[in-house]
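Accompanying notes for the structure given below.
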Amino acid sequence: MMPTARTLLALLPLAALVFTVFALRPGSQDIRQAVIRAAATVAGVTVVVVELLSLVGWISTWPVIVYWLLFAGVSAFFARHNVKGFQRLVLKNWDKVLVGAIAALVLAELVLALASSPNNFDSNHYHLPKIEHWIADGDLDPYPTIQNQQIILVPGAEYLLLQARLLTGGDSLFNLLQWGAGLLGALAVSRCAAQLGAGRTGQLIAAAVFVTAPAVVLESTSTQNDLVVTTWVVCAATLALDGARRVATAADVLSLAAVAGLTAVTKSTGLMALAPILVFWGICQLRHRQWLRTVGAGLAVIAGMAVLAGPALVRVNDAFGSPLGPPGYSAALSTERKDPPAILVNGLRLAASTLTTPIPAVNNVISDAVIGIAHLVDVDPSDPQITQWRSVYPDTRWKPDEDRSPYPVQAALILAALAAALLWWRLPPLVRAYAVTVLGAFILTAAVIKWQYWGNRLILSAFAVGAPLTGYWADRLKSHRATAAVLVAAMVAAFASGGVAVAYGQPRRLVGQGSVFTLSDWQERFVRLPDEAVPYQQAIDAIRASGVRRVGMVMEGDLWEYQFQISLPDVELVAVESVIPTAPPAPISSVQALICVGTVDHCAQVVPPTWRIQRYSTVVAVAFP
35 MMPTARTLLA
45 LLPLAALVFT
55 VFALRPGSQD
65 IRQAVIRAAA
75 TVAGVTVVVV
85 ELLSLVGWIS
95 TWPVIVYWLL
105 FAGVSAFFAR
115 HNVKGFQRLV
125 LKNWDKVLVG
135 AIAALVLAEL
145 VLALASSPNN
155 FDSNHYHLPK
165 IEHWIADGDL
175 DPYPTIQNQQ
185 IILVPGAEYL
195 LLQARLLTGG
205 DSLFNLLQWG
215 AGLLGALAVS
225 RCAAQLGAGR
235 TGQLIAAAVF
245 VTAPAVVLES
255 TSTQNDLVVT
265 TWVVCAATLA
275 LDGARRVATA
285 ADVLSLAAVA
295 GLTAVTKSTG
305 LMALAPILVF
315 WGICQLRHRQ
325 WLRTVGAGLA
335 VIAGMAVLAG
345 PALVRVNDAF
355 GSPLGPPGYS
365 AALSTERKDP
375 PAILVNGLRL
385 AASTLTTPIP
395 AVNNVISDAV
405 IGIAHLVDVD
415 PSDPQITQWR
425 SVYPDTRWKP
435 DEDRSPYPVQ
445 AALILAALAA
455 ALLWWRLPPL
465 VRAYAVTVLG
475 AFILTAAVIK
485 WQYWGNRLIL
495 SAFAVGAPLT
505 GYWADRLKSH
515 RATAAVLVAA
525 MVAAFASGGV
535 AVAYGQPRRL
545 VGQGSVFTLS
555 DWQERFVRLP
565 DEAVPYQQAI
575 DAIRASGVRR
585 VGMVMEGDLW
595 EYQFQISLPD
605 VELVAVESVI
615 PTAPPAPISS
625 VQALICVGTV
635 DHCAQVVPPT
645 WRIQRYSTVV
655 AVAFP
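With the numbering used here, you'll find the sequence shown wraps up at 659, consecutive numbering, no jumps.
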């Protein structure tokens, strides 16, 4: 099959999604709800199908093509009588400006996503290599590796990337998963704002607050999973708000179960924001006095989470004796103190880090206040029990980098809107209840996630569920001249920060030195390890020239094997070291050559002394008998 034809196969999931939107929209003008339900249905079914294909060893191209042909065909059949025109959208001048600005930012992200090769550090370390291992093995079972994150971390986003990999034969469309998640997230945030009582302008402002956050902008062109899980959480929020107004139907429950399960199977950081949302939904359902029905619906949601996330957790449990991985792994990332002073200090640090600006004086005031409060409650500001081991508070780096970028304008708006909703006494009960839910997400996040340099993206879900509150307040303040001026200034600042992130962000940027249009594909892939681009290529050329067909991989730490996997498709790459108890490494006697990515000392410990080693850098070498 020609590469162009295979790329066109990527249209099958898009067709399935569009048809499913119409199939789930009979008699309803709520197109946003239909899109959210359709996305949850398509993603949820895909996760189940991947698990089923793994059971019979069919993680390969043709079974996936058949699956999507069937899905698109069945969804088209059910959609055929429900294709209706959309209501004409009438926008005021202010709304037109917002829509135009959002569209311009999203289109710039699309250009960057399509022009960029996957180059995030974590993606090269564990997100993408696991996909190549699944394809090589034909299943999802644990395999030998020293990089245990490939096995431990839940793989929901990678299941979806797997579809693009098998349909197209490459990774050129991988960035579109999170780009699409950003669009869906903005849609869900705007619908939440509408459910809280915001008008069209307020809904657009809520969506703008979400979509302009530098962390969202940078993730929308990436192969990480923070934006995917954030989107599933805000989808859960809008579906939960449906339950505040009516007894949940079977479709409501199934949709909520799907997004809850997708959150659980995508990234555990989303669970801290999801839990208060599910509690909110359960309380709302109990208020309708449908006790048995509410219990049944709650059990159905739990079952959905078990169906989608359970198999992955079972595999981790089988490998390590715990669904959380090896002993000590979760403790390195999760807080070890749960007392109120520690939670308070951790929460303040997490919030303060999102507010970091290019102005040192502002950063100093904020961080000094947090440190002062920490000392007041007798908590070390860098207590290792609430701080990731390589981090020291504060961190004042503000540049738009995907792994750590703050979002000060958007975070300030969300925190202000939350505070106002909690303190202003003349509010509709639904708005106040939702604000309490958002507060619960913040508190639970602070109680579980250790502060770290890379924390801003990890807590994005909690901030995202607060974004609808900005739309609620904006709608009520826009008629006052003074507050309207402040609102306009905030929106200008928000779009400016989002524009800077897409234009000059790292590790992908549209313009300036290092623009994706000035780098080769190979250079792009090594933006995070620029000194290793040539050594990696030299090692690949040496393996190709040797004609060997089975090569052992010696990896150290968080260095990358993904580039070897995609560059040597006809070579069987096997790990000769492993930290996975149930997946022993291949014996060195079974391989014809070794690729060593690690220190000289580490390679010397693994490579037989009689083999000749050709070193291309301090960390890249190949060895032959």
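All C-beta atoms in this analysis are idealised placements derived from N, C-alpha and C, irrespective of residue type, glycine included.
An exposed status is given to Glu370, since fewer than 16 other beta-carbon atoms sit within 10 Å of its beta-carbon.
Annotation: the continuous alpha helix (DSSP H) that includes Glu253 extends over 248-253. Assigned with DSSP and collapsed to three states, Gly214 falls in helix. Closest option to Leu449, judged by alpha-carbon separation, among Asp429, Leu464, Val470, Pro463: Val470. For Ser368, the three-state secondary structure derived from DSSP is strand.
When the beta-carbon positions are compared, Trp213 and Leu196 stay at least 8 Å from each other. The Cβ-Cβ distance between Leu139 and Phe529 falls below 8 Å. In the pairwise beta carbon analysis, the segment 232-250 is classified as not touching the segment 284-295: fewer than three pairs are separated by under 8 Å.
Comparing alpha-carbon positions, the option among Arg66, Ala232, Leu146 lying closest to Trp507 turns out to be Ala232. Of the residues Ala149, Pro502, Trp556, Ala39, the one whose Cα lies closest to the Cα of Gln572 is Trp556. Of the residues Val631, Ala617, Ile622, Thr633, the one whose Cα lies closest to the Cα of Pro178 is Ala617. Excluding residues up to 5 positions away in sequence, Ile70, Ala222, Arg225, Cys226, Gln229 lie with their Cβ nearer than 7 Å to the Cβ of Thr272 in the same chain.
The residue among Asp171, Ala524, Asp402 with its C-alpha nearest the C-alpha of Leu89 is Asp171. Inter-residue distance for Arg542 and Gly203 is about 23 Å (C-alpha atoms, whole angstroms). Of the candidates Leu252, Gly316, Thr264, Met306, the residue whose Cα lies closest to the Cα of Val281 is Gly316. The count of Cβ pairs closer than 8 Å, one atom from the segment 467-483 and one from the segment 375-388, reaches three, so the stretches are in contact. Secondary structure note for Gln648: its beta strand (DSSP E) is the uninterrupted segment 646-649.
Leaving aside the five residues that flank Asp429 on each side, the residues in its chain whose CB is nearer than 6 Å to its CB run, in chain order, Tyr487. For Phe314, there is no enclosing beta strand (DSSP E); the enclosing alpha helix (DSSP H) covers residues 305-321. Judged by their CB atoms, Ala657 and Ala627 are nearer to each other than the 8 Å cut-off. Val522 counts as exposed, since fewer than 16 other C-beta atoms from the protein chains shown sit within 10 angstroms of its C-beta. In the three-state scheme derived from DSSP, where H, G and I count as helix and E and B as strand, Trp432 is classed as coil. At a Cβ-Cβ threshold of 8 Å, Ala445 and Leu389 count as neighbours. A contact between stretches requires three or more CB pairs, one per stretch, nearer than 8 Å, and the segment 146-157 meets this requirement with the segment 550-564.
In this structure, Glu192 lies away from Tyr596, with their beta-carbon atoms at least 8 Å apart.
The Cβ atoms of Asn182 and Pro360 lie closer than 8 Å to each other.
In this structure, Ala113 and Phe56 form a Cβ contact; the two beta carbons are roughly 4 Å apart against a cut-off of 8 Å. Under the criterion of beta carbons closer than 8 Å, Leu87 and Ala72 do not qualify as touching, at roughly 22 Å. Annotated as distal: Leu342 and Val313, with beta-carbon spacing of 8 Å or more. Taken through DSSP and simplified to helix, strand or coil, Glu595 comes out as coil. Only exposed fits Leu333, as fewer than 16 other CB atoms lie within 10 angstroms of its CB.
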